[in-house]
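Everything below concerns the one structure shown next.
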Ligand code: 4HQ
């Protein structure tokens, strides 16, 4: 997959291309990342990319022309049917499901704004979608694009995240993760749950699934509403409720 970034700060993305699973995806040729800096597409001596807002007020607005030239350069290098996405708090909230769907696309162009935002006419005419990573205001779209890029990269076919979800499909089923343990077996009074030491695969995977369901029920019940559960999940959920009622009875 080919991801092009329109950004005034391409070096920020070295945090992804230089480290961890995302860098491996790049080095394995599963992911290609390129950047186009609007500052390189200016024609005045100061390389101006922003100007004062019509209507007044504080801050600056990104000008259309340098952005548009950078976008045209990105497009001429992009596969067909590449969507143009602007990172913005006004956008649709990015999700795991979206990240996995994106992995199917041949390419993606992510636009990272700075300052107070970008000229609305550019958005209207050249942006296909707006994506948000959540309800908070960042100083620029770069961090948001990095979040999206990381979530996409770790699920591309051939990467670690993809292998994990192939081995354990419950990984991506919208429940929270189960707890993890490693050596040593005993840390003072804190011991690894007996089920995980049993060596019995059925028992170990039932334990993990039950804990995943229990945590989701306790911490994010919203993730479970409207879902249809398998017979096995229903049994495990009943065990969760039984555990809860037993605790309540002693309180
Ligand atoms: N931005 N999710 C870029 C965000 C944001 C978000 C604010 C986008 C600043 C210039 N982007 N502008 N939240 O906070 O994507």
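In this note's numbering, the protein residues as written are 1 to 251.
By construction, the Cβ of each residue, glycine as well, lies at the ideal position given by its N, Cα and C atoms.
Pick out whichever of the options has its Cα sitting closest to the Cα of residue i.
i: residue 35; options: 3, 113, 226, 148; result: 3
i: residue 152; options: 62, 240, 190, 107; result: 107
i: residue 234; options: 39, 209, 219, 65; result: 209
i: residue 204; options: 181, 17, 189; result: 181
i: residue 20; options: 115, 149, 49; result: 149
i: residue 70; options: 81, 83, 41; result: 41
i: residue 5; options: 27, 32, 18; result: 32
i: residue 162; options: 30, 12, 222; result: 30
i: residue 206; options: 170, 184, 219, 187; result: 170
Looking at residue j and residue i, is the spacing between their C-beta atoms short of 7 Å?
i: residue 112; j: residue 141; result: yes
i: residue 63; j: residue 145; result: no
i: residue 136; j: residue 59; result: no
i: residue 226; j: residue 155; result: no
i: residue 130; j: residue 99; result: no
i: residue 213; j: residue 240; result: yes
i: residue 38; j: residue 16; result: no
The beta strand (DSSP E) that contains residue i, what's its start and end?
i: residue 109; result: 107-111
i: residue 33; result: 32-36
i: residue 90; result: 83-93
i: residue 47; result: Run containing residue 47: none; DSSP gives neither H nor E here.
i: residue 6; result: 2-6
In terms of residues, what are the limits of the alpha helix (DSSP H) holding residue i?
i: residue 164; result: 160-167
i: residue 66; result: 64-76
i: residue 99; result: 96-102
i: residue 21; result: 20-27
i: residue 152; result: 141-153
i: residue 133; result: Residue 133 -> no alpha helix (DSSP H), and no H or E assigned at all.
Quiz prompt | In chain order, each alpha helix (DSSP H) run of at least 4 residues that lies wholly inside the region 158-230 | solution = As far as the region 158-230 is concerned, its whole alpha helix (DSSP H) runs of at least 4 residues are 160-167, 194-197, 201-219.
Practice problem: May I ask you to verify whether the region 9-23 touches the region 170-177, counting CB pairs closer than 8 Å and requiring at least 3? | Solution: No, because fewer than three Cβ pairs between the region 9-23 and the region 170-177 fall closer than 8 Å, the two stretches do not touch.
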